[in-house]
Every structure is written in structure tokens, then in C-alpha cells.
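Before any comments, here is the structure.
Protein chains in written order, with our numbering: chain X, 1128 to 1920; chain R, 484 to 662.
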């Protein structure tokens, strides 16, 4: 900072610019006056706990172990667990605010049934669990008889407790006979796992989040990953190591994110063009003969094909400069540094996954790490976060009871269900259960809201009265973490934390386990959905007969955490994957592809990609709106969600579209001068749920539009002004955050805000995103490569 | 007396606001009020995005103490922690104006001043302040000022001079390694 003596008042003045947006002022429009929300507590300080219980956090996928402070039967505070070797006892704002999620006055308190028009709270009537589950089961049976079992779709999203999802919802699905049950992957980072499977032979990242593995590299590049906000405890450890060991960090992101604020180099890439960066780095490495020939000879298939392809396509740094906006000189330096540093990590995340080119972009970065020999030891490799998924086991269904779907699954992403709901093509979806917020998180909100009208039954399960609770037919109140118990979401590094039940469910809410079991019984499957499984320890025991995730093993650990894969009860936990010693437990070879090697290109892969009109060799294309605006290659879809399409050969047998890479002669669209990219508001938020917890909401209260000062001046917009962000499908408003750390041609608007949240109300940015523009392979929606124009409201 | 201090490393702070949340849960602070606050300092020119956590400075000569007309603010002999005797406080708010660091808050319900105590109740149990215990970035350290200053200089870190007049703050900041 400057040499002027700074007083705190000057800090405040400097900081005040941001404070106007990032905390101080709220545009609460009614429901709640935040100033009088809650007084200073009478007791002041938190009481000394009479009991401290080891537990885990269920908000995000970091699997942080926690120490829950209980006093007089009430949870009074939460600290980190110092015995957790990954977190070292540190905790983010969300983890500790599990307290305020639990004892929250807004919580759904009883089952509700819609008896009037949608969109109005007064249309809902309280009913008993007995009535709710009896009616839902009856309707599910009717839909099955009238339209076939494939007409029932179930989104068991990320907020769903993992044990109930893994152990029970899959069992329910098999007995019912629908192929349509999906988790949160297609809205998260599923494409990274698909890419990893296609090249390394397994979905998990190579590293674990300890100081000697992930924390131990000399060089890091974060591409489309704001790890400081999304995994603060792990990034905090990494940043601590960086300072101690003088490691280098490069962040590639259109805006100066929290992660970029710690970087030696920040590269504001044009949205949706990261793949070009990886292609040109490989081009330069091969041209300069810096690739790892020994590693390639022993462990990589298809290098020659890749080399010829890069040369033929002329994917040079000079080409990439024009596409990405990153200078060719910088790309060359990066490539040389990376090839010359053994302990080097490249990490991708949703910034790569939320594009139409997501699977191939991830695949390209995996190739970059492969040709430079960055696999096989700790502190190296490329991987995409949120791909720690590991098999915990499930409740088996007798073969003769399993109903095999007759019709092919409609896509990987739940948004592939929307057009079939509306049009009935290629066949109808008529029943929908959601443990997530489609009215906040899915693209093309207008269509999503239209779809709900065409259903014969819709069921929403959640903790808060989110916007879905005034649209769906049945609303079921769910008991979260400490009331329910179970296991938390799996982390990037395959870690799962066991969460014991600590208090009784509040109000009439019930754990998902209880709901799924009772619904299963009403469907006539009581012999499989046993009452004893309502206890999380008993269910875990039953699920883990063939795996190592037994309750005894969880409880034997001081952090209640286990790291997969544990394919057998006695399997030891291991650290780094893809080493010569370990490979992947339960799978063959160091790299469990058919060849046992890293597969850049094989005939089998060529055939699999070709079905959809693509190739395992990554041909560059941008997102459609950006391609049309700038005359860059983009995808043309030859099939849509109402047509049969082809059968995917890369993510399991399901419907997928055929595509063609189109090379436009020049710009094809005008009137939109900005790129629009979306993402998480800050550490404080995760989905709709955090917006109902004041302690988190006040940390980032408003939907903002991060905009460069030059552009703001041009529009006569000042910090804190309300702006209209107008895209191809509609417009939303947001509060301007005038910010030098963003590309002049780009605005960033965060997701997760909605019209029905208690402290501030904003129309979701997903009115602008397009559910039809998805990665043809992974089926992930493009949330981050859009175009818009901005005006003062 | 050995003065207690919090050392705030601006290079390590990642702006997550975990300290704010920790403080509120531990001390029962309501929405819109703070005993510590993280400011995001926007990037400007060659300055990158930075974050500043701002608890009480527990000054050597506290301006709040000097301004208090009823002697409700005192500095503890044994460890230099500055505390408010809320029974004596008359709610005149002189201290909120006097503090050059904006660290003095106000409990409008009880009409008394309110501020960071370095979690004095936790110190009494041999624990660190809540914010320090939970900080994901290892940006907050707690100890005696002497040992923290020694640690910072042994690591070659520069301290930011934020002294105003004669107050001599105890909480201190380490400069970023690069702007």
C-alpha cells in the first residue's frame, strides 16, 4: 500500500467504497426490518458447554469436522475440530452458522398441501405427515400406471443428506423403475469427473488436502476456481504454505476473485475460452520440446495424435492471445514454468464446468498435466474440484424386485426434464420430487416455472420456505444435520464425515431418512424400507456391509472422517491417488483406463466421441452467445430435449445430443456489448439456504453486478446504484459494485439470490441463463459464458 | 504487565468473514452490529484486492477510556485488555466518537457502549479469542504483543504503522508482501 501513514479512519474510507455493497447496506424490501431483527442476547456470551460433540458440516463439499457445543440440550456454538488433520480446527462462516440454520424462525414447520392457485402462500394448508405421504404415494402410483415409471423424476440435490440419498433414494428408484434420479453434479462439477474418467480412468482428483500433498507444491494455477471463497479452510492452509515456502500462484479468472487477491499473477481471461489457454500451453511445450518424453513413453497413449492435431489446428500462443485476451508472451512463460516445475498443481472448478465446452476443457487440462509428467506423486497434477465422489454402499434390492426402465433416460441434467414436462416429448414427465431449488438454480427460469403447471404431482422437501414452497403441490419440512444425523457431502479429496444426531427434530420436521422410509412403506415396500434404518448408525451399518464406511471405523477416528475409496471393509485409507504403489483402490492399474495408461487418444475413445459429432482431441469452441458475438467457433445442436438424440457412450447409456462445431464467418449478433458471468456471491453463501440465516446473509446481502469503473462511468452508474442486466432471455436488476478488478467488457452477477428470501429480494440471474445450452457430453448448463448489456435502472 | 495483542496478517486474510461470524456467535452480537468487521478494500491502480479485519485495538492509552466521563472504561493491569463496566456506562457515546479506529459499538437496547474484549471470558478459561481460533486463513494470531512482534520480525514481515497520536494500539497489522 502507499507510504502515507494510514489511520483506521483512512482504512475505513478506502474500504467504505466496498462496504456500501459488500455488507453495510441492505435493500430489504419488506419482510424483515433487519435493524430490529434481534437484540444483543440477554446472556451476552455463549455459555460454557456441558457437552462437546464431534460432528461434521453439511453445507458444502469440504467435509470439515466440527466440535458442537451443547448446553442444556441446546446447541450453543460450533468450533472447528483441532484433531482434524485437514482443517486443523479452522472453520468458515457457514460451518459455525449451522447453529443459526437450526434455530431459525423461518423454518418450515409442518407438511403443507396446495389447495389454491400457485404463487400464493395462502394457497397452502397444513396437513399431517400421514395424509401427505399417503396422497403422494397414491399419486406416484397413478403416474406410473398412466404414463409408465419413467414419468417420475427425482432431484436429490446437494442439500440432501448423503446417507439418505446414497442409501435410500437409489433403492426407491430401483423399486419404482425410473431412470430419472439425479444429484447436484450436473449443476456443480460433474464434467470434471467425466473428463477424468475418460483420461485417467477414475473420477477423483489425485491429491488430498494435507500440507504435504496439496499444500506442498511450488507452483499453482487456479483456472476458473475461486478456491478462497469456495473452500476457504483449504485455501487458507494453502496460502499459509505459499507464504512460508514462497510458492507461486497464478489465477485465471475474468475477475480478481478472493483467490486472485493472493496470486502472483492474475490473468483476466475472456469467459468460456480457458480451453484455448491449455491448448496453446501444450502447443508451446511441444514446440520447445519441453514435454516429459520418458513419462509419455511409459504412461501415455495418443501423444503423437495430439501433437499432430495441435499443429494442424495452429493452436499457438499467438492464436490463443486473440481468443483469450492473455498475451502470448505470458502463455509461453506459464507453459515453460509449468513444464519445468515438478511439484506443480493446476486446479479447475466451476469456472470451467459451467460452459458448453466443459468436458473438453477439463480434458485438455488433464492432457497438459499428462504430457508434462505431472501424475504419480504428491503435490502435482490437474483436477477439477467437487469430484471426490466415492461409493459408500447402499441398501440392496432383490433382483426380482428391481424394475428396469423400458425407455431411455432423458439426459444427465435434471433440466433435460423440463421440455418433456411441458411438451410430453419424447415422452412425458408427470411427477417431480425435488430436494433442491430449481426455481433458483436452474437456467431458463421462465420455462422452469411453466413446467410445474403440467405436472400431476410435485413435491418439495426443504428446510426453509423457499420460492418453491408457493409453487409445488406438497411441501415437506426436512430436519437438517444435527436433528437428522447421517453423513456430510463428500469432499474433493474423497473424505466423508459422520454426523451424529445431537438433538430431536424441531417442529414437525423429519429427517430425509424418515421421509424416504415412510414413503417407501406407503408404496408397499416396507420389507426393504425398514424402520430400523431411521437410525443413522443402523442405516450406515446396513449400507456399509461391503465397504469400509462402517460406523465403527468412523467413530474410531478423532475427526469422524474417512477417506475413500474403501471398496472392502478392511481396506486401508490412502492418500495420493494414481501413484505406482496405489493406483486407485479397487481398480486395476496406476491409471484404470482399459490400457492402464493415461488415454489422450484411442480408437475406442474416438468412436465414443464421434457418436455425438465430437473427438477426444479437443477442438476449440466457445459458448454459443460468445461465439456469435465475437465470430468464434461454437456448437450447433442437431438435437434438442424433445428429440430422441443419440445414446451417450461417455457418461452411461442415456439420451444425448448430436452437435457440430460451427465456424462463423464473423459476428452474428449485435446489441450486447458485455460478457456476463455468474457464480457464488462469497464464502458466506451456498445455494438458497444461507440467505435465510441472517448471520450469513448480512455478510453479502444483495445481488450485485460487478462492473469496471470505465464502463460504469460510461453508463453514469455509481457504486450502489441499481442497474438492469439485460440478456437474450430477459433481464434482472442488481446493485452495482464498481470494481477495477474485472475485465472492462465483463460483468459478474452472483447466483443463489431469489424473489422469495426474507432479507432482500432479487429476481434470480438464472432468468438470463439458458438451460438448452449445455455441454453435449457432461450435460452441464452454461452459466458463465453469456452476453448482456447493462443500463442504469 | 505483558500486553496481549492480536496480529492480523493482511497477506493471509482471505476475506471470508469467519471472524465476524465467530465473534457474533460467541458474544451474542445482533444483525447489523459488530465487534469485529472485515472490510473488503477494492483493487485500485496497482493495489490488489485486500481485506482488513478490524477488532478493538486495546490501545496502550485508549482514547475511549480518556473520553469516558464516568470512568466506565478501564485497562486491565495484568494483560492490558480494555474493558467496559457496563453497569457504570451512561450511554453518552463519547467513546464511539473518540476511538480513531471506529471500534466502539453501541448496544441500543441497553443504551451502553459495546466492543471487542479479546473474548476475555475465553482468556479466563485459557482459550484464545473465538475469531483467532476459527480463522481459516491463519491470518489472526493471539499472544503477548512482544512475542508476536518478535515472530513477525523474525519472518522479515513489516508492520503497518496505524498509531494515532498517543494511543499506541496493541492489535497490529502485517503489511502485504506485495501491494
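All C-beta atoms, glycine included, are put in the ideal place defined by N, C-alpha and C.
Bear in mind the structure is a predicted one, so any value in this text is a computation, not a measurement.
Taking the straight line between their C-alpha atoms, what separation do you get for residue i and residue j?
{"i": "residue 1142 of chain X", "j": "residue 659 of chain R", "result": "At residue 1142 of chain X the pLDDT is 43, less than 50, meaning the model places this residue with poor confidence and gives no usable figure here."}
{"i": "residue 1823 of chain X", "j": "residue 1224 of chain X", "result": "7 Å"}
{"i": "residue 1376 of chain X", "j": "residue 1475 of chain X", "result": "13 Å"}
{"i": "residue 1813 of chain X", "j": "residue 1186 of chain X", "result": "7 Å"}
{"i": "residue 1722 of chain X", "j": "residue 1901 of chain X", "result": "30 Å"}
{"i": "residue 1719 of chain X", "j": "residue 1710 of chain X", "result": "8 Å"}
{"i": "residue 1862 of chain X", "j": "residue 1919 of chain X", "result": "10 Å"}
{"i": "residue 1188 of chain X", "j": "residue 1677 of chain X", "result": "20 Å"}
{"i": "residue 1154 of chain X", "j": "residue 514 of chain R", "result": "The pLDDT assigned to residue 1154 of chain X is 37, lower than 50, so where the model puts this residue is not dependable; a value taken from the coordinates is nonetheless given after this. So the two alpha carbons sit approximately 14 Å from each other."}
{"i": "residue 1285 of chain X", "j": "residue 1622 of chain X", "result": "16 Å"}
{"i": "residue 1222 of chain X", "j": "residue 1229 of chain X", "result": "12 Å"}
{"i": "residue 1372 of chain X", "j": "residue 1607 of chain X", "result": "41 Å"}
{"i": "residue 528 of chain R", "j": "residue 1834 of chain X", "result": "16 Å"}
{"i": "residue 585 of chain R", "j": "residue 648 of chain R", "result": "15 Å"}
{"i": "residue 1872 of chain X", "j": "residue 1804 of chain X", "result": "11 Å"}
Which residues bound the beta strand (DSSP E) around residue i?
{"i": "residue 1344 of chain X", "result": "Premise fails: residue 1344 of chain X is in no beta strand (DSSP E) and is neither H nor E."}
{"i": "residue 1410 of chain X", "result": "Where residue 1410 of chain X is concerned, there is no enclosing beta strand (DSSP E), although the alpha helix (DSSP H) it sits in stretches over 1401–1414."}
{"i": "residue 651 of chain R", "result": "Element bounds for residue 651 of chain R: n/a, residue is neither H nor E."}
{"i": "residue 1560 of chain X", "result": "1558–1561"}
{"i": "residue 1819 of chain X", "result": "Counting along the chain, residue 1819 of chain X falls outside any beta strand (DSSP E), and DSSP gives it neither H nor E."}
{"i": "residue 601 of chain R", "result": "First-last for residue 601 of chain R: undefined, no H or E at that position."}
{"i": "residue 1568 of chain X", "result": "Unbroken run through residue 1568 of chain X is the alpha helix (DSSP H), 1565–1568; no beta strand (DSSP E)."}
Could you check if residue i is buried or exposed, using at least 16 other CB atoms within 10 Å of its CB as the buried criterion?
{"i": "residue 1353 of chain X", "result": "buried"}
{"i": "residue 1149 of chain X", "result": "Since pLDDT at residue 1149 of chain X reaches only 41, below the 50 mark, its modelled position is unreliable, and the value read off the structure follows with that caveat. Counting Cβ neighbours within 10 Å, residue 1149 of chain X comes out buried, since at least 16 surround it."}
{"i": "residue 1438 of chain X", "result": "exposed"}
{"i": "residue 1896 of chain X", "result": "buried"}
{"i": "residue 594 of chain R", "result": "exposed"}
{"i": "residue 1204 of chain X", "result": "buried"}
{"i": "residue 1580 of chain X", "result": "exposed"}
{"i": "residue 1157 of chain X", "result": "Confidence in residue 1157 of chain X is poor, its pLDDT being 35 and thus under 50, which makes the residue's placement unreliable; the coordinate value appears in the next sentence. That one is exposed."}
{"i": "residue 1416 of chain X", "result": "exposed"}
{"i": "residue 1809 of chain X", "result": "buried"}
{"i": "residue 1196 of chain X", "result": "buried"}
{"i": "residue 580 of chain R", "result": "exposed"}
{"i": "residue 1333 of chain X", "result": "buried"}
{"i": "residue 424 of chain R", "result": "There is simply no residue 424 of chain R to check, as chain R begins at 484 and stops at 662 in what is shown."}
Would residue i pass as a contact of residue j if the rule is Cβ separation under 7 Å?
{"i": "residue 1830 of chain X", "j": "residue 1811 of chain X", "result": "no"}
{"i": "residue 503 of chain R", "j": "residue 1173 of chain X", "result": "no"}
{"i": "residue 1748 of chain X", "j": "residue 1761 of chain X", "result": "yes"}
{"i": "residue 1802 of chain X", "j": "residue 1238 of chain X", "result": "no"}
{"i": "residue 530 of chain R", "j": "residue 654 of chain R", "result": "no"}
{"i": "residue 1347 of chain X", "j": "residue 1213 of chain X", "result": "no"}
{"i": "residue 1322 of chain X", "j": "residue 1486 of chain X", "result": "yes"}
{"i": "residue 1287 of chain X", "j": "residue 1575 of chain X", "result": "no"}
{"i": "residue 1356 of chain X", "j": "residue 1495 of chain X", "result": "no"}
{"i": "residue 505 of chain R", "j": "residue 607 of chain R", "result": "no"}
{"i": "residue 617 of chain R", "j": "residue 1183 of chain X", "result": "no"}
{"i": "residue 1893 of chain X", "j": "residue 1572 of chain X", "result": "yes"}
{"i": "residue 1432 of chain X", "j": "residue 1725 of chain X", "result": "no"}
{"i": "residue 1255 of chain X", "j": "residue 1241 of chain X", "result": "no"}
Along the chain, where does the alpha helix (DSSP H) that runs through residue i open and close?
{"i": "residue 588 of chain R", "result": "No alpha helix (DSSP H) holds residue 588 of chain R; the beta strand (DSSP E) holding it covers 588–590."}
{"i": "residue 1754 of chain X", "result": "1751–1757"}
{"i": "residue 1492 of chain X", "result": "1485–1498"}
{"i": "residue 1611 of chain X", "result": "1608–1611"}
Practice prompt. Mind the definition here: the region 1260–1271 of chain X touches the region 1535–1548 of chain X only if three or more C-beta pairs lie below 8 Å; say whether that holds.
Written response: With the rule of 3 Cβ pairs closer than 8 Å, the region 1260–1271 of chain X does not count as touching the region 1535–1548 of chain X.
| message | Could you check whether the region 1504–1514 of chain X touches the region 1656–1675 of chain X, counting it as contact only if at least three pairs of C-beta atoms, one from each stretch, sit closer than 8 Å? | response | Contact between the region 1504–1514 of chain X and the region 1656–1675 of chain X is absent, because fewer than three Cβ pairs lie under 8 Å.
Mind the definition here: the region 533–551 of chain R touches the region 485–502 of chain R only if three or more C-beta pairs lie below 8 Å; say whether that holds. The region 533–551 of chain R makes contact with the region 485–502 of chain R, as at least three CB pairs between them are under 8 Å.
Count Cβ pairs between the region 1295–1309 of chain X and the region 1675–1695 of chain X that sit closer than 8 Å; are there 3 or more? No, they do not touch.
- Taking one C-beta from the region 1448–1456 of chain X and one from the region 1322–1332 of chain X each time, how about it: are there three or more such pairs within less than 8 Å? Judged by pairs of C-beta atoms under 8 Å, the region 1448–1456 of chain X does not touch the region 1322–1332 of chain X, as fewer than three such pairs exist.
Inter-stretch contact at 8 Å, needing at least 3 Cβ pairs: the region 1526–1543 of chain X / the region 1274–1289 of chain X
Yes, the region 1526–1543 of chain X is in contact with the region 1274–1289 of chain X.
Next item on the list: Decide if the region 560–568 of chain R is in contact with the region 1900–1917 of chain X; the criterion is three or more beta carbon pairs, one per stretch, under 8 Å apart.
Entry: Segment contact: the region 560–568 of chain R against the region 1900–1917 of chain X, fewer than three CB-CB distances shorter than 8 Å; contact not assigned.
Pairing CB atoms from the region 1286–1301 of chain X with CB atoms from the region 1594–1603 of chain X, are three or more of them under 8 Å?
The region 1286–1301 of chain X makes no contact with the region 1594–1603 of chain X, as fewer than three CB pairs between them are under 8 Å.
TODO: State whether the region 1749–1760 of chain X contacts the region 1786–1797 of chain X, with contact taken as three or more CB pairs (one from each stretch) at a distance under 8 Å.
DONE: Segment contact: the region 1749–1760 of chain X against the region 1786–1797 of chain X, three or more CB-CB distances shorter than 8 Å; contact assigned.
inquiry  = Assess contact between the region 1612–1625 of chain X and the region 1510–1530 of chain X, defined as three or more Cβ pairs (one per stretch) separated by less than 8 Å. Is contact present?
reply    = Segments in contact, yes.
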